[in-house]
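Working notes for the structure below.
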Amino acid sequence: MGNAVMNESADNTIMTDQLVDVEGVVTKVLPGTMFHVELQNKHQVLAHISGKMRKRFIRLSIGDRVKMEMTPYDLGKARIVYRLS
-2 MGNAVMNESA DNTIMTDQLV DVEGVVTKVL PGTMFHVELQ NKHQVLAHIS GKMRKRFIRL
58 SIGDRVKMEM TPYDLGKARI VYRLS
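If you want it as structure tokens, here you go:
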């Protein structure tokens, strides 16, 4: 992994208290379950779907409203955790 910094605590679980919940609209579908999503403040982020959405074959298309989790360390990327519409 090189010099990658992991966001994990001592008991090897990800600290979810630092995640920021945001909503946005899918504007572009990219290969590999990646999406461009526009936030309410017109900011564009690159997002991927969470493992549970991938496992349950939840499909996303352009115009879908989604709920995402973002880390405060990289505001250009996000994880889609829920499809709102």
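Residue numbering for the sequence shown follows the numbering used here, beginning at -2 and increasing consecutively.
Where is the CB? At the ideal position from N, CA and C, for every residue including glycine.
All figures in this text were calculated on a predicted structure; none of them were measured in a lab.
Residue i burial status per 10 Å Cβ neighbour count (16 or more: buried)
i	result
I59	exposed
M(-2)	Note that M(-2) has pLDDT 42, beneath the 50 cutoff, so the model's placement of it is unreliable and the number below is only indicative. Flag for M(-2) reads exposed.
G21	buried
Q15	exposed
V26	exposed
F54	exposed
M67	buried
Limits of the beta strand (DSSP E) - the one that residue i falls within
i	result
G73	Per DSSP, G73 belongs to no beta strand (DSSP E) and is neither H nor E.
Contact under 8 Å by Cβ, residue i with residue j
i	j	result
K49	D18	no
R62	S82	yes
R76	A44	yes
Counterpart residues of residue i in DSSP-defined beta bridges
i	result
H45	M31, R76
R62	V22
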